[in-house]
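Asks:
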Amino acid sequence: MTSLQPILLAAVLLWSARLKTFSKYAESSARRSPLARLLGDRRAVPAYRGVGVIEAAVAVLLLVRPSIGTWACAALGVGFVAYLAYGRLFAKEASCGCMSAQPSPIRARSFLRAFLVIALALVPVPVSLAGAGLVVAEALLFAALSTELDRHWLVPLRRLKARWTHPLASPGDFPVPVASSVEQLQRSSAYRELAPSLRSDLREHWDEGEWRLLLYSVTHAGVPASVVFAVPRLRYAPTDVRAAVVAESGETLATLHSAAQPEYAI
Amino acid sequence: MTGVYGEVSWFCCGSSWGPCGTAGHGACGTCNSGSYQHAWPNTSDACHAITNPEACGTSLSRRGCGFKHYTTNRCTGAKIGTTIADCGPQTDLFCGETSCCGSVCGSNRLIDLTPAAFSAIASLSNGLRPAYVDVV
Amino acid sequence: MDRRALLTSAVLAGATAFGSLAPETAFAQAAAQPVQPGEKDPNFAEGRVTGLVDTMLMVTGSDNTLWRIRITQGTSIWKLRPTTLDKVAVGDGLYARGARLADGTLAADAVWVNIVNLQVHIAALSRNTIHFDHRGKRVVGHVVPGTSAAVYNGTPAIGDMSMVQVGKHAQVIGAWLPDTNEIEIATLHTSA
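Going down the list, the sequences are from chains S, W and E.
Quick note: the first sequence uses our numbering, first residue 1, plus one each step.
Quick note: the second sequence uses our numbering, first residue 1001, plus one each step.
Quick note: the third sequence uses our numbering, first residue 2001, plus one each step.
1. Spatial neighbours of S/Arg37 within its chain, please: CB distance less than 7 Å, with the 5 preceding and 5 following residues excluded, ordered by chain position.
2. Using a Cβ-Cβ cut-off of 8 Å (strictly less than) and excluding sequence neighbours within five positions of S/Leu116, which residues of its own chain qualify?
3. Would the beta-carbon of S/Leu272 fall within 7 Å of that of S/Leu185?
4. Could you tell me whether the Cβ of S/Ser28 comes closer than 7 Å to any Cβ of chain W?
5. Is the segment 2159–2169 of chain E in contact with the segment 1060–1070 of chain W, if contact means three or more CB pairs nearer than 8 Å?
6. Among S/Gly69, S/Leu63, S/Ser67 and S/Ala259, which one has its Cα closest to the Cα of S/Ile7?
7. Tell me where the alpha helix (DSSP H) around S/Pro34 begins and ends.
8. Between S/Ala114 and S/Phe80, which are expected to be in contact by the criterion C-beta below 8 Å, what is the C-beta distance as a whole number of angstroms?
9. Which residues in the same chain have their Cβ closer than 8 Å to the Cβ of E/Asp2041, if we skip the five residues on either side of it in sequence?
10. Helix, strand or coil for S/Tyr86? Go by DSSP, reduced to three states.
11. Please tell me whether, using a cut-off of 6 Å, the distance from the CB of S/Tyr236 to the nearest non-hydrogen atom of the ligand COA is below it.
12. When the cut-off is 7 Å and only beta carbons count, does S/Arg158 lie next to chain E?
13. In the DSSP output, which residue or residues are listed as bridge partners for S/Phe115?
14. At least one CB of chain E closer than 7 Å to the CB of W/Trp1040: is that the case?
15. Assign S/Glu210 to one of two classes, buried (16 or more other C-beta atoms within 10 Å of its C-beta) or exposed (fewer than that).
16. Just to make sure I have the definition right: I need the residues of chain S whose C-beta is within less than 7 Å of the C-beta of E/Ile2115. Which are they?
17. Apart from the five residues on each side of it in sequence, which residues of its chain come closer than 7 Å, Cβ to Cβ, to S/Arg199?
18. Does the CB of W/Glu1007 have a neighbour CB from chain E at under 7 Å?
19. Starting from S/Asp201, find everything on chain E with Cβ-Cβ shorter than 8 Å and list it in chain order.
20. Decide if E/Gly2019 is buried, meaning its Cβ has at least 16 other Cβ atoms within 10 Å, or exposed.
21. If we cut at 7 Å on Cβ distances, does W/Thr1002 have a partner in chain S?
22. Going along chain E in order, which residues have a C-beta closer than 9 Å to the C-beta of W/Ala1055?
23. Buried or exposed: which applies to E/Thr2025, given that a residue is buried once 16 or more other Cβ atoms fall within 10 Å of its Cβ?
24. In angstroms, rounded to a whole number, what distance separates the CA positions of S/Pro262 and S/Arg192?
25. Which residues in chain E have a C-beta closer than 7 Å to the C-beta of W/Tyr1036? List them in chain order.
26. Compare the beta carbon distance of E/Ile2130 and E/Gly2141 with 7 Å and say whether it is the shorter of the two.
27. Write down the C-beta distance between W/Ile1084 and W/Thr1043 rounded to the nearest angstrom, noting that I regard them as a contact closer than 8 Å.
28. Could you compute how far the alpha carbon of S/Ser24 sits from the alpha carbon of W/Cys1013?
29. If the cut-off is 7 Å on Cβ atoms, which residues from the segment 2087–2099 of chain E count as contacting chain W, listed in chain order?
30. Name, please, each residue of chain W whose Cβ falls closer than 8 Å to the Cβ of S/Asp41.
31. Please report the straight-line C-alpha distance between S/Leu112 and S/Val78, rounded to a whole angstrom.
32. With a cut-off of 7 Å, does the C-beta of W/Ala1131 fall near any C-beta of chain S?
33. What is the rounded straight-line gap between the Cα of E/Phe2027 and the Cα of W/Tyr1132?
34. If you follow the beta strand (DSSP E) that E/Phe2132 is part of, which residue opens it and which one closes it?
35. Would S/Arg187 count as contacting chain W if we go by Cβ distances under 7 Å?
36. Using alpha carbons as the reference points, say which of E/Gln2171, E/Ser2009 and E/Leu2057 lies closest to W/Phe1094.
Put into structure tokens, the structure is as follows:
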């Protein structure tokens, strides 16, 4: 053996072949890949496995006959680029299906990785200590370009950064978001009783002491009116929610208190 | 099939604005935000492989494009009939998620309605509602 | 008397409870669905705002339908939060529901401006910003203090976004900033 490169390439191809042939996720990976679009659902799975077999064969060739194997590997690399280009253009939703069952969209990094395969196949690295160091660096570069491996290093790194920098922490108290009051409202029986006659989404809201008031449009006895709900602002107590239906003239048409019962489920 | 209980949400499809613009007309090629349509997690093998509702302990019948489902918002009793136009939602990503109103709660994403259909039974600013899905 | 004060006193001072509505009135059987499943709903509009005249929104649908949408006192307008007509701008996208009148205008009950509902992965966090992966594309989500809310594992919504984690799935309701890949976050459903 005159170059260290084939060993790295063979390892990569065997890893990739294992997913496509032996993994229990092979079928679903195939169906998510651009092959499903290119060949149809039924033919995608055997074609995907076929690619795996070819990868394994090239890997063996790289180890046994590196002189032929590197050319075969470069040709395979060109094939990968073409496959990725097809996926990028015609199957935007598809997952690469390249090296892992983890769904991974086709991005610039996928292309760079395929080009790296071609470059590694064509440029020999002499068997020496420096050469070994270079191959390790190449392996790391390969891993960095693999979106499938992000969860092992990039995601933990980003989590670590978030833990140190607290980008979403806000100083002091949090005002109670309206979404929270709306959610509490929806858990009340008063809301459930009036919900079928509501016509609008939330129109406006304001705070009054410990209450948050939420205003909706409603049809009451066939006439347009407003309904105002009072929801506890700083505590969670859906049974305390009250409602009043108010006509456009300002006359109160009905008031309603929440109760734990009666409730009727559908 | 008898009805199933779960959560309903909404999604956009067809020609549209914003991040929806690229959504396309769905797996069936007919999906439009303004029509009474929905996405169903089991429209084909490929679809089922992605949505995988069994991961949440729910088994859903295989139904093809154009099949009618009726979705009831369990908060209001409002019901809407829609036809299948896409594959989704990705049920297995949200196993166990629950949304409630009153004492009524629903778990697991079973169906995504178009904005036209969802807004007929609930408000778009509420992304999730407990729902009952049936064929009548 | 100020309108809000009147409404406030109606609900908080109303000592006489008229009792709960009977289930049969509350859940009155709705009339048969007027629009067949699969058909277009004539009472629903979608598109981008091309003009604003008085209380009328001119909207061009993505399928090139032209809509005139009338906003009334009873119309709710959502744009990240409940808001008023003057906050709606030309170029905004919207969904509207109401009643189609004889002259072709849509008398709106509810209008949702720039609303999006996305299933995403949380890719990264930075100062008051969450970077999302949406169908392989990057969407930048801005946290708006006081408005943005997070729902962790279905618990009540809170304003504290600090438990959001990189790598998790999320569903985000937000308001799109027209012609960008950015949104302002209204509600983020995720797991802690």
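By construction, the Cβ of each residue, glycine as well, lies at the ideal position given by its N, Cα and C atoms.
Bear in mind the structure is a predicted one, so any value in this text is a computation, not a measurement.
Replies: Inspection of the coordinates gives the following:
1. Phe90, Ala91 and Ala94
2. Glu138, Leu141, Phe142 and Leu145
3. Given that chain S is displayed from residue 1 to residue 266, the structure contains no residue 272 of chain S and the question cannot be resolved.
4. For S/Ser28, the answer is yes, since a Cβ of chain W falls inside 7 Å of its Cβ.
5. no
6. S/Leu63
7. Pro34 to Leu39
8. 4 Å
9. Val2035
10. Here S/Tyr86 sits in helix by DSSP.
11. Judged by which ligands are present, the structure shown has none, so any question about the ligand COA falls away.
12. yes
13. Looking at the DSSP assignment, S/Phe115 forms no beta bridge with any residue, so it has no partner.
14. For W/Trp1040, the answer is no, since every Cβ of chain E falls outside 7 Å of its Cβ.
15. exposed
16. Near E/Ile2115 there are no residues of chain S at all, since even the closest Cβ is about 10 Å away, more than 7 Å.
17. Ser217, Val218 and Thr219.
18. no
19. Listed along the chain, the chain E residues whose CB falls inside 8 Å of the CB of S/Asp201 are Ser2076, Trp2078, Pro2082, Ala2110 and Trp2112.
20. With a pLDDT of only 49 at E/Gly2019, under 50, the local geometry of the prediction cannot be trusted, and the value read off the model is given with reservation. Answer is exposed; the Cβ neighbour count stays below 16.
21. no
22. Residues of chain E passing the Cβ test: none, with the nearest at roughly 13 Å.
23. Interpretation of E/Thr2025 is limited by its pLDDT of 47, a score under 50 that renders its predicted location unreliable; no figure is taken from the coordinates.
24. Unreliable placement is indicated for S/Pro262, whose pLDDT of 48 sits below 50; the coordinate value is still reported in the next sentence. Roughly 11 Å separates the two Cα atoms.
25. Val2035, Pro2037, Gly2038, Glu2039 and Asp2041
26. yes
27. The pair is a contact, with the Cβ atoms about 6 Å apart (cut-off 8 Å).
28. First, the amino acid is wrong: residue 24 of chain S is Lys here, not Ser. Near 32 Å, if we compare the C-alpha coordinates of W/Cys1013 and S/Lys24.
29. Gly2093, Tyr2095 and Arg2097
30. In chain order, Ser1044, Asp1045 and Ala1046 make up the part of chain W whose C-beta sits under 8 Å from the C-beta of S/Asp41.
31. 12 Å
32. Contact of W/Ala1131 with chain S is not assigned, every C-beta pair being separated by 7 Å or more.
33. Note that E/Phe2027 scores a pLDDT of 43, beneath 50, so its modelled location is shaky; the value from the coordinates is reported in the next line. E/Phe2027 and W/Tyr1132: Cα-Cα distance of roughly 15 Å.
34. Thr2129 to His2134
35. yes
36. E/Gln2171
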